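Asks: Under our numbering, the sequence shown has 163 at position 179, and the numbering climbs by one with no breaks.
Note that the Cβ used here is the ideal one computed from N, Cα and C, for glycine as well.
Source: prediction; values computed, not measured.
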Amino acid sequence: MSTIIDLDALDDPEATQADILRILKQGLTSEADSATAAAKLAESLRGYIFSQSNGSRGFLADLLWDLWMTLLHVVKIVPIDHPRHDVLITTIDKLRCEGGPVAGPDDSKQWADLPEFRICLIYAWADPSDMSEYTPEDVKAWNRLNSFASRLLTDDFKDWIQFAWWEIASGLETAPQDAAEFEWKLWAATEWLIQCGNLLFKDLTSPEELDAEVLATVKPGPLCENVPPMSLQRWEFWQSRLAELSGGKYSVEGSAEDAVLGASSLSRIDQAIAAMRAHASSSIAQGEIS
């Protein structure tokens, strides 16, 4: 039996956000199967934005901001293994893949681009260490956000792939400063490798030259600062770092004793190693690298 999702835990939002939250609640509490629930939810959100836009570009931008920020608040509440987490992901996929203008035939904003969503994700992208104090629930919310964002990326839609580079640099390319903090940083890094490591492998082995702005985004962490940022060597560094951590112990800066990884982290490492092998094998089999 699935866990009951308590969306009432969200703060009382303003009028527009309240309408969007009501639509999300209806979609997430539906007794329909996940595919049907997602289709209906996407249709409801699309219809609401269209009906409320009034042809005003400024108001439309505000509407989209309210939509995405409310949805991200919900994402942080719904457990990753809950069927309704899949509903949220499928809903966004349907909005993007079915496309069409957001607010009518003359509107330049297209659902295929998920307009304003990337900006909202960047705004919401704050890990627990950014808080003065954080709780286990804050860590769960962070994990849910990472899982959600990573599962939305595809070969033809990589609008926030930079989050993968950031979290992998933090979790695998930076020396641990705190044992408890390292566990959730490692979780985020492995989630990106599991969910969209195929995209990262293709980028790392691509002959395409990157401009300075993109290179700054993919800058490696201190542990592999001498590794070319876009190279197979970086992928191999991640593999070697995970293999090292799979031993169960690791050093923490400023501590004389090794820290010990929990069983769940060791399981995540095994999953990530297996996923990386599968991603690389698939790319090679498809002739995507020489």
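Quick check on the DSSP output: the alpha helix (DSSP H) that includes V198 runs from which residue to which?
Replies: Element bounds for V198: A196 to T201.
Asks: Determine the contact status of L0 and L47, defining contact as a CB-CB distance below 8 Å.
Replies: Note that residue 0 is Thr in the sequence shown, not Leu. Yes; because the gap between Cβ atoms is below 8 Å, this pair is in contact.
Asks: So what's P206 in DSSP terms, helix, strand or just coil?
Replies: Looking at P206 - three-state DSSP - the assignment turns out to be helix.
Asks: Which of helix, strand or coil does DSSP assign to M(-15)?
Replies: Caution applies to M(-15), whose pLDDT of 46 falls short of 50 and renders its modelled position unreliable; the value that the coordinates give is listed next. Three-state result, M(-15): coil.
Asks: With a Cβ-Cβ cutoff of 8 Å, do K60 and R128 count as a contact?
Replies: Yes, Cβ-Cβ distance for K60 and R128 is below 8 Å.
Asks: What are the residues that DSSP puts in a beta bridge with F141?
Replies: Answer by DSSP bridge pairing, in chain order: T138.
Asks: In whole angstroms, give me the CA-to-CA distance for C104 and M53.
Replies: Going from the Cα of C104 to the Cα of M53 covers about 6 Å.
Asks: Where does N130 land, buried or exposed, given buried means 16+ other C-beta within 10 angstroms?
Replies: Buried, since its Cβ has 16 or more Cβ neighbours within 10 Å.
Asks: Mapping DSSP to helix, strand and coil, what is A243?
Replies: Here A243 sits in strand by DSSP.
Asks: Which class does Q275 belong to by DSSP, given the choice of helix, strand or coil?
Replies: The chain is shown from -15 up to 274; residue 275 falls before or after that span and cannot be answered.
Asks: Assign I152 to buried or exposed, taking buried as 16 or more other Cβ atoms, counted over all protein chains shown, within 10 Å of its Cβ.
Replies: Buried, because 16 or more other Cβ atoms sit within 10 Å of the Cβ of I152.
Asks: In the DSSP output, which residue or residues are listed as bridge partners for Y118?
Replies: Y118 is not bridged to any residue.
Asks: Would you check if there are 3 or more beta carbon pairs closer than 8 Å linking the region 231 to 238 to the region 155 to 167?
Replies: The region 231 to 238, when compared against the region 155 to 167, does touch it at the 8 Å Cβ threshold.
Asks: Roughly how many angstroms lie between the CA atoms of L226 and A200, to the nearest whole one?
Replies: The alpha-carbon atoms of L226 and A200 are separated by roughly 24 Å.
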